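Numbering (the numbering used here), first residue to last: 561 to 765.
Here it is in structure tokens:
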């Protein structure tokens, strides 16, 4: 009679913590390379462009380097498992008043059906605190340089977005065709110099 040997194999389930992160280059500086934990993640990252939404761990270090150069700045991050975040490269390299930095905020990618999710960032280094107007009405008020608005939803429609000094009249208006983005979201960022220096002030998404 043969003995039957039964072997039990236990498979361990490894659960990886992760976050979803979109990175935006809004520093009026040269094209850069972006490293995550020492590995090249985004090559030739151009000013006023954004990455797709990336899946990353919850703890990592972002390194910034001139294109094809050595890392010149590193920024550690500790984020919530399952969170969604926007990270904006902002400020000016070598500037003491508005130095280069990576600004981050928790957000939401997506929106309810028929709406568009918006996250607005004030990234114009020489602009005062502003109100953001939608078709003439105040959508967001008193947003200062370096601040995020916080996530909000608006009906999916086409808007004229105005930027005004807090409590004042619009000084710049921009078309925002959002009618086809229902259920989606966008990060809108103020960029450039209000003084008229190059690059000029604008709103981008």
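Backbone N, C-alpha and C define an ideal beta-carbon position, used for all residues, glycine too.
Predicted model, so just to flag it, every value in this text is computed and none were measured.
Local Cβ density within 10 Å of residue i, reported as buried at 16 or more and exposed below that
i	result
residue 613	exposed
residue 687	buried
residue 568	Per-residue confidence for residue 568 stands at a pLDDT of 46, beneath the threshold of 50, marking its modelled position as unreliable; the derived number appears in the next sentence. Residue 568 should be labelled exposed.
residue 644	buried
residue 740	exposed
residue 600	exposed
residue 758	exposed
Euclidean distance between Cα positions of residue i and residue j
i	j	result
residue 655	residue 589	11 Å
residue 729	residue 582	32 Å
residue 762	residue 676	21 Å
residue 685	residue 664	17 Å
residue 714	residue 703	18 Å
residue 657	residue 649	16 Å
residue 633	residue 751	21 Å
Beta-carbon proximity list for residue i, same chain, < 6 Å, skipping 5 on both sides
i	result
residue 765	746 and 748
First through last residue of the beta strand (DSSP E) which encompasses residue i
i	result
residue 707	No beta strand (DSSP E) holds residue 707; DSSP gives it neither H nor E.
residue 762	762-764
residue 677	675-682
residue 579	579-585
Cβ-based neighbour list, residue i, same chain, cut-off 7 Å, excluding 5 preceding and 5 following
i	result
residue 716	674, 675, 676, 738, 739, 741 and 742
Suppose only complete runs of 3+ residues qualify. What are the beta strand (DSSP E) ranges in the region 588-668, listed by chain order?
592-596, 599-605, 614-616, 619-626, 633-638, 644-650 and 661-666
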